[in-house]
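What follows is a single structure, written as C-alpha cells, with notes after it.
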Ligand SMILES: Cc1cc2nc3c(=O)[nH]c(=O)nc-3n(C[C@H](O)[C@H](O)[C@H](O)COP(=O)(O)OP(=O)(O)OC[C@H]3O[C@@H](n4cnc5c(N)ncnc54)[C@H](O)[C@@H]3O)c2cc1C
C-alpha cells in the first residue's frame, strides 16, 4: 500500500473495498418513478443496482422486436434542442460540456438516460451505518488509465478542479499495512478440496520476498506448508518462480512474442512450461478485474506484460509486442496519474452535472463534491438550458428528411409506458453501441454490424457495508483473491478522506467491503463467455447473489469472529451485464494482430446530424476514452459529414 493502487493492481491481490443484516428477501426493486417526486434519491438505494429493474426492459423489447407493437403513439412534447445526447454517462455528460463551451451557455441541451441516476457506469452508492456515512463506488473505480490521459481528458479533469498529482495526500496509504493487514488468498473446498485463507505470496510475477530467498520468507513457507495443493503443484510453483528457462530458444524476441500473442497464458503454463492444472486454477481469475476473463482467454504475451510468472528466462525485449492489449503494456507516466474518490468517478459525473445544471448540486470544488447534496428535482427544469431526463430510454432517432440535408432530427424516448418525441438540431449517441442499431435504422448496414460487435463485458461490483472490520484485523486481511469463489476479488475500502468525508480508520468503525465478480465461462471464446455471463447476471436473483456474498465472507472470515447476520449492515450489488467496453485481444481478434480498420472506427462514423461517442467508440474501458470520444463526436457535429 506504499503507492497508488490502480485497477491493474487487482491482479496482484492488492485491491481494495465494500456492507447490514440484510436478510434474504430485502432485495430492492426500483419502480419507475418520476425523478421530481419527493424523496427521489437513487444513490442511497441498496439491493440490486447498476442495471436495475426498470432500466433495461424497454431496450430488450426493442431488441426482441416487440416494443413498437406494444407502444402507444408518441406524444410530441413540443420541445426543441440544439443538442440531444443519448446516454448520461461520462461520455454523454462530457459531450454536453464540450458542446456548451463551443455553442455558448444559452445552447439548449437535453440528456436522456434509461437509468434512474446519471453517470452511467460511474455510479455512487451511499450507506448510513450506525450513524456513519460511507460511500462506495458502484462502477468506475478511479481516475487511471493504462495509457497516459490525452490533453483533452486531462483538460476536463483539471477544469473540474481535480489536481490528480497532489491528491495522493487524501489517501491513507499505509493504514492497513501499518495494522498488519496484507493481501490474502482464499482456497475454497469446491475448487481446492478445503477452505483455507492464507497471506498471499503470489503477487504478480514475483513472490513478496524482497531480497531474501523464498525459502527464508515466512509468508512463502507458511503458504507452501498450508495451501491445500498437491505435492506436485507445490513443486510446480517453486519451479515457476525459480526456473529461468527460455522455452523458445530458437526464436528471436519478436517471434517469441508473436507466438505468445497467439497462445493463452493457461496453455503456456501447462503445454509450454509443463506445470499441472492446479496452477491454472490458482491463476485462473487473476485477470478478471481487467478483462472479465480468466487466463484461459488472456494471451501469454499479455500475461508477460502483467508480470505473471514464467517469463524470467525468455529474454524478451521489453518493448511491447504487436497485438498486446493496452492494459498489459506498463507505462510509468500513466501509472502515476491515479486518484480514487470514495464514490469512484461518480464524483467526476457529479462535477460535470454541477457544471451543466448548477442548481442541481451544491458546492464548487473538487473536494466538496464528495459530500455535496444532489437535488434530483432540479435536473430537468424548463428554465434551465441543460436538462437531464432520467428513466428515459431512447427508442428511435431519425432525421427529418434526407440525412444528408436534413436540418433536424426527431428523438423518441420511452418513460414508463409512454413514448415522447423531441426535436434536435444535432444528436450525439453516447449510449452503448450495441443499442444503436435498434434505435437508429438509418445507419448503413456495415456500420450497424460494427456497432453490434461492441458487446460489453459483464461484471458485478458489490458493496457490502459492515459494522466493523475487527475480523479482518484479527486475521491480517486487507484484501482477498478467491480464484474459485463467487466474487473472485474483494477488499476493504481504499482509505480516502477528502473534503468533509472521513473514511474508516479504526477496526471497530463501519466500513465498505468491495467485491468483484466476472461471470466468465472458461474454455469458450471470449465473446461467448461474455454473452453467457451476461445472461447469467440477468437471470440471477438478488437473493442468490446475497446468499453467495454471506457464504463467502463467512467462510473466509469466521475464524476472525465475522458473523454475516450480525456484521453485515447492507448490500448493494451493482449488476453490469453491459459493463466494460470490449477491448481487442490478440487471441480473439485477428485484425488486432494483422492491422486494418478497427470495428470501433467503422462504428463511430458520423452520419448526417448524428455523431457517436461512448467508451465503445475507442474500444477502451476507461474514463479518458469516454471523454476523448465525446470530444471527437462534438467536433464532428460542428462540421457534419453531410
Ligand atoms: C464496473 C466498471 C468499473 C469501471 N472502472 C473504471 C475505472 O476504474 N477507471 C476508468 O477509467 N474506467 C472504468 N470503467 C470504464 C467506464 O466504462 C468508463 O470509465 C466510462 O465511465 C464510460 O462512460 P460512457 O459514458 O462511455 O458509458 P456509460 O457510463 O456506460 O454511459 C452510457 C449510458 O447510456 C445509457 N444508455 C444506453 N442505451 C440508452 C438508450 N437507448 N437511451 C438512453 N440511454 C441509454 C446507458 O444506460 C448508460 O447510462 C469501468 C466500467 C465498469 C462497468
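Numbering (our numbering), first residue to last: 11 to 652.
For each residue, glycine too, the CB sits at the ideal point set by N, CA and C.
Open item on the list: If contacts are defined as beta-carbon pairs under 8 Å, then residue 309 and residue 336 qualify, I think. What distance do you get, rounded to the angstrom?
Closed with: Their Cβ separation, rounded to whole angstroms, is 13 Å, which puts residue 309 and residue 336 out of contact at 8 Å.
Open item on the list: Is the separation between the beta-carbon of residue 466 and that of residue 496 shorter than 7 Å?
Closed with: If you check the CB distance, residue 466 and residue 496 do not come in under 7 Å.
TODO: Please confirm whether residue 123 and residue 149 have their CB atoms less than 7 Å apart.
DONE: Remark: C-beta atoms of residue 123 and residue 149 do not approach each other more closely than 7 Å.
TODO: Just the C-alpha distance for residue 55 and residue 400, rounded to the nearest angstrom, thanks.
DONE: Near 16 Å, if we compare the C-alpha coordinates of residue 400 and residue 55.
- [ ] With hydrogens ignored, establish whether the beta-carbon of residue 465 is closer than 6 Å to any heavy atom of ligand 1.
- [x] No.
TODO: Determine the direct distance from the alpha carbon of residue 623 to that of residue 642, and round the result to whole angstroms.
DONE: One C-alpha to the other measures close to 8 Å.
Open item on the list: Counting C-beta neighbours from all protein chains within 10 Å, is the total for residue 46 16 or more, i.e. buried, or is it exposed?
Closed with: Its pLDDT being 49, under 50, residue 46 is placed unreliably by the model, and the measurement read from it follows with that caveat. Label assigned to residue 46: exposed.
Open item on the list: Looking at the secondary structure, which residues open and close the alpha helix (DSSP H) in which residue 610 lies?
Closed with: 609–613 is the extent of the alpha helix (DSSP H) around residue 610.
Open item on the list: For residue 189, which residues in the same chain have their Cβ closer than 7 Å to its Cβ, ignoring the five residues on either side in sequence?
Closed with: Hits under 7 Å: 483.
Open item on the list: Buried or exposed for residue 267, going by 16 or more other Cβ atoms inside 10 Å?
Closed with: Classification for residue 267: buried.
Task: Selection from 137, 86, 113 that minimises the alpha carbon distance to residue 52 - done: Distances from the CA of residue 52 to each of 137, 86, 113 were compared; the closest alpha carbon is that of 137.
TODO: Give a yes or no on contact between the stretch 275–295 and the stretch 438–445, applying the rule of three or more CB pairs nearer than 8 Å.
DONE: Touching, no, given that fewer than three Cβ pairs across the two stretches are closer than 8 Å.
- [ ] Can you give me the Cβ contacts of residue 215 inside the same chain, cut-off strictly under 6 Å, excluding the 5 residues immediately before and after it?
- [x] Here the model assigns residue 215 a pLDDT of 37, short of 50, so the residue's position is not dependable and the matter cannot be decided.
TODO: Below 8 Å CB to CB, which residues in the same chain sit around residue 480 once its five sequence neighbours on both sides are set aside?
DONE: Excluding positions up to five away in sequence, the list reads 517, 518, 570, 571.
TODO: Could you give the DSSP three-state label for residue 528: helix, strand or coil?
DONE: Reduced to three states, the DSSP call for residue 528 is coil.
TODO: Look up residue 242 in the DSSP assignment and give the residues it is bridged to.
DONE: Residue 242 pairs with nothing; no bridge assigned.
- [ ] Flag residue 338 as yes when its Cβ comes closer than 6 Å to any non-hydrogen atom of ligand 1, and as no otherwise.
- [x] It does not: the Cβ of residue 338 is nowhere closer than 6 Å to a heavy atom of ligand 1.
Open item on the list: Does the structure place the stretch 622–637 close enough to the stretch 155–163 that three or more beta carbon pairs sit under 8 Å?
Closed with: In this structure the stretch 155–163 lies against the stretch 622–637, because at least three pairs of beta carbons, one per stretch, are closer than 8 Å.
Task: Sequence-distant residues of its chain with Cβ nearer than 7 Å to residue 357 (five each side left out) - done: Counting only Cβ-Cβ distances below 7 Å, and skipping sequence neighbours, we find 351, 379, 380.
Task: Between the CA atoms of residue 183 and residue 287 - distance to the nearest angstrom - done: Rounded to the nearest angstrom, the two C-alpha atoms are 36 Å apart.
Task: Runs of beta strand (DSSP E) wholly within the stretch 345–423 (minimum 3 residues, chain order) - done: Here the runs fully enclosed are 396–399, 403–409.
TODO: Assign residue 163 to buried or exposed, taking buried as 16 or more other Cβ atoms, counted over all protein chains shown, within 10 Å of its Cβ.
DONE: By the neighbour-count rule (16 or more Cβ atoms within 10 Å), residue 163 is buried.
Task: Chain-order list of residues whose beta-carbon lies under 6 Å from that of residue 492 (same chain, five-residue window excluded) - done: So the qualifying residues of the chain are 196, 498.
Task: residue 344 versus residue 112 - alpha carbon distance - done: When rounded, the distance between both Cα atoms is 29 Å.
Task: Rounded straight-line distance, which links the Cα of residue 359 to that of residue 132 - done: Taking the straight line joining both Cα atoms gives about 7 Å.
Open item on the list: Can you give me the C-alpha to C-alpha distance between residue 410 and residue 382, rounded to a whole angstrom?
Closed with: Looking at the two C-alpha atoms, the distance is approximately 41 Å.
TODO: Please work out which residues of its chain come closer than 6 Å, Cβ to Cβ, to residue 272, disregarding the five sequence neighbours upstream and downstream, and give them in chain order.
DONE: Excluding its 5 nearest sequence neighbours in each direction, residue 272 has no C-beta neighbour in its own chain below 6 Å.
TODO: Answer yes if the stretch 555–575 comes into contact with the stretch 446–464, meaning at least three C-beta pairs across the two stretches below 8 Å, and no otherwise.
DONE: Contact between the stretch 446–464 and the stretch 555–575 is not established, with fewer than three Cβ pairs separated by less than 8 Å.
Task: Environment of residue 586 [buried if 16+ CB atoms lie within 10 Å] - done: Per the 10 Å Cβ criterion, buried.
Task: 7 Å Cβ shell around residue 628 - same chain, five flanking residues per side excluded - done: In the same chain as residue 628, and ignoring 5 residues on each side of it, the C-beta atoms closer than 7 Å to its own belong to 610, 635, 638, 639, in chain order.
Open item on the list: According to DSSP, simplified to helix, strand and coil, what is residue 632?
Closed with: Three-state result, residue 632: coil.
Task: Beta-carbon proximity of residue 583 to residue 470, cut-off 7 Å - done: Yes, these two residues count as a Cβ contact at 7 Å.
- [ ] State the DSSP-derived secondary structure class of residue 138, mapped to helix, strand or coil.
- [x] Residue 138: strand per DSSP, three-state reduction.
- [ ] Kindly indicate the opening and closing residues of the beta strand (DSSP E) around residue 201.
- [x] Premise fails: residue 201 lies in the alpha helix (DSSP H), 199–202, not in any beta strand (DSSP E).
Open item on the list: Determine whether the beta carbon atoms of residue 532 and residue 185 lie at a separation below 7 Å.
Closed with: Taking 7 Å as the cut-off, the Cβ atoms of residue 532 and residue 185 do not count as close.
- [ ] Could you name the residues that DSSP lists as bridge partners for residue 176?
- [x] Looking at the DSSP output, residue 176 sits in no beta bridge, so it has no partner there.
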